[in-house]
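Novice:
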Amino acid sequence: MRINEDFRIGVFGKLTNSYALTAIGSSENFHRQKLFYMLYFLLILYSIIESELGDIIPVCHCSICGSRIVGRMTAGNCRGLLVPSTTTDQELMHLRNSLPDSVKVQSINERLSALGNVIACNDYVALVHPDIERETEEIIADVLGVEVFRQTIAGNVLVGSYCALSNQGALVHPKTTISEQDELSSLLQVPLIAGSVNRGSDVVGAGIIVNDWIASLRGLIQQL
């Protein structure tokens, strides 16, 4: 069976050095067959991450703002998890009960609410959309314990979509110039390369999840 190419792991999952998130839930708006494939994909994603990481870090099966796109709605590292202000009380409680006590879960009232698209971070540095709110920038620095830089990648403001970042290195948009790669590498203090995922997709943040041990499941299981 082949899973639709749109089902990208970085959209439906989040991975850090202290926890992982995978999506749960369903939507009445989905066509029945598409919904079947979606739920099948999410089941596989959860089972693989659980089998690979469950003995090392907690794996939280969750929704954010009633949505399955938990990777695009959140940003986080080993110290914290940032979620939109529209995250429900039940979702916040589930996250706080599931993640380590050392991880602070914080909701943010930010106009650019798909936080995973506008923030790329590791345990030391965060790149953010140039137009993100000043208060949001301060919360990112405080909760995640990182230095924050307003940045673009290959001319794109959605830095979280076009960068996959860990403490060990980074993958960025394939059209990032050599000079910009050098600048970003110096800023992030990690080695950096430009490339693509999922057979040529330049949206690398949506196609891969990473921490310091795993660059996980690129192009997740095209055939089962």
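Position in the sequence shown (first residue = 1) + 7 = the numbering used here. Ideal Cβ placement from N, Cα and C applies to all residues, glycine included. Predicted model, so just to flag it, every value in this text is computed and none were measured.
Evaluate contact between the stretch 94-107 and the stretch 117-131, counting only Cβ atoms and requiring at least three cross-stretch pairs below 8 angstroms.
Specialist: No: fewer than three Cβ pairs fall under 8 angstroms.
Novice: Which runs of the beta strand (DSSP E) fall wholly inside the stretch 93-173 and span at least 3 residues, in chain order?
Specialist: As far as the stretch 93-173 is concerned, its whole beta strand (DSSP E) runs of at least 3 residues are 111-115, 126-128, 132-135, 154-157, 170-172.
Novice: Below 8 angstroms CB to CB, which residues in the same chain sit around residue 156 once its five sequence neighbours on both sides are set aside?
Specialist: As a working mapping, residue 156 is identified with position 149 in the sequence shown. Cβ neighbours of residue 156 beyond the five flanking positions: 132, 133, 134, 135, 194.
Novice: Under a three-way DSSP split, which group does residue 179 fall into?
Specialist: Against the sequence shown, residue 179 aligns to sequence position 172. Strand, per DSSP.
Novice: Are the beta-carbon atoms of residue 212 and residue 170 separated by less than 8 angstroms?
Specialist: Taking the first residue of the sequence shown as 1, we reach residue 212 at position 205. Taking the first residue of the sequence shown as 1, we reach residue 170 at position 163. Cβ atoms of residue 212 and residue 170: closer than 8 angstroms.
Novice: Smallest Cα separation from residue 177: which of 25, 146, 200?
Specialist: Position 170 of the sequence shown, counting from 1, holds the residue named residue 177. Here the closest residue by C-alpha is 200.
Novice: How long is the line joining the alpha carbons of residue 68 and residue 31, rounded to whole angstroms?
Specialist: Within the sequence shown, the letter at position 61 stands for residue 68. Within the sequence shown, the letter at position 24 stands for residue 31. Roughly 6 angstroms separates the two Cα atoms.
Novice: Report yes if the C-beta distance between residue 18 and residue 78 is below 8 angstroms; otherwise report no.
Specialist: Taking the sequence shown and counting its residues from 1, the one referred to as residue 18 is at position 11. Taking the sequence shown and counting its residues from 1, the one referred to as residue 78 is at position 71. The answer is yes: Cβ separation under 8 angstroms.
Novice: Check each candidate in 203, 209, 174, 204 and name the one with the smallest Cα separation from residue 192.
Specialist: Translated into positions along the sequence shown, residue 192 becomes position 185. Checked all of 203, 209, 174, 204; the closest Cα to residue 192 is 174.
Novice: Kindly indicate which three-state DSSP category residue 185 falls into: helix, strand or coil?
Specialist: One-based indexing of the sequence shown puts residue 185 at position 178. Residue state, collapsed to three classes: helix.
Novice: Check the DSSP bridge columns for residue 85 and list the partner residues they point to.
Specialist: To locate residue 85, count along the sequence shown from 1; it is residue 78. Looking at the DSSP assignment, residue 85 forms no beta bridge with any residue, so it has no partner.
Novice: Whose C-alpha, out of 64, 114, 75, is nearest the C-alpha of residue 149?
Specialist: On the sequence shown, residue 149 is found 142 positions in, with the first residue counted as 1. Measuring from the Cα of residue 149, the nearest candidate turns out to be 114.
Novice: Which term fits residue 35, buried or exposed, when burial requires 16 or more other beta carbons within 10 angstroms of its beta carbon?
Specialist: The count along the sequence shown starts at 1 and reaches residue 35 at position 28. Low confidence applies to residue 35: its pLDDT is 41, below 50, so where it sits in the model is not reliable, and the reading given next is rough at best. Label assigned to residue 35: exposed.
Novice: Using C-beta distances below 7 angstroms, list every residue in its chain close to residue 102, excluding the 5 sequence neighbours before and after it, in chain order.
Specialist: Counting from 1 along the sequence shown, the entry for residue 102 is found at position 95. Counting only Cβ-Cβ distances below 7 angstroms, and skipping sequence neighbours, we find 67, 69, 88, 112.
Novice: Where does residue 211 fall in DSSP's three states?
Specialist: Reading the sequence shown from its first residue, position 204 is the one you call residue 211. Three-state DSSP puts residue 211 in a helix.
Novice: Where does residue 141 land, buried or exposed, given buried means 16+ other C-beta within 10 angstroms?
Specialist: Taking the first residue of the sequence shown as 1, we reach residue 141 at position 134. It counts as exposed.
Novice: Could you compute how far the alpha carbon of residue 82 sits from the alpha carbon of residue 153?
Specialist: Mapped onto the sequence shown, residue 82 falls at position 75. Mapped onto the sequence shown, residue 153 falls at position 146. Distance between the alpha carbons of residue 82 and residue 153 is about 12 angstroms.
Novice: Would you kindly check if the distance between the Cβ of residue 22 and the Cβ of residue 166 is under 8 angstroms?
Specialist: Taking the first residue of the sequence shown as position 1, residue 166 is located at position 159. Taking the first residue of the sequence shown as position 1, residue 22 is located at position 15. Cβ atoms of residue 166 and residue 22: not closer than 8 angstroms.
Novice: Applying the criterion that 16 or more other CB atoms from any shown protein chain within 10 Å of the CB defines a buried residue, is residue 158 buried or exposed?
Specialist: Walking along the sequence shown from the start, residue 158 turns up at place 151. Answer is buried; the Cβ neighbour count reaches 16.
Novice: Spatial neighbours of residue 129 within its chain, please: C-beta separation below 7 angstroms, excluding the five flanking residues on both sides.
Specialist: Translated into positions along the sequence shown, residue 129 becomes position 122. Closer than 7 angstroms at Cβ, skipping near neighbours: 84, 172, 173, 174.
Novice: Rounded to whole angstroms, what's the CA-CA distance from residue 64 to residue 188? Just pull it up for me.
Specialist: As a first step, residue 64 is located in the sequence shown; it is residue number 57 there, counting from the start. As a first step, residue 188 is located in the sequence shown; it is residue number 181 there, counting from the start. Spanning the two alpha carbons is a distance of roughly 31 angstroms.
Novice: Is residue 74 helix, strand or coil when you go by DSSP?
Specialist: Position 67 of the sequence shown, counting from 1, holds the residue named residue 74. Correct three-state label for residue 74: strand.
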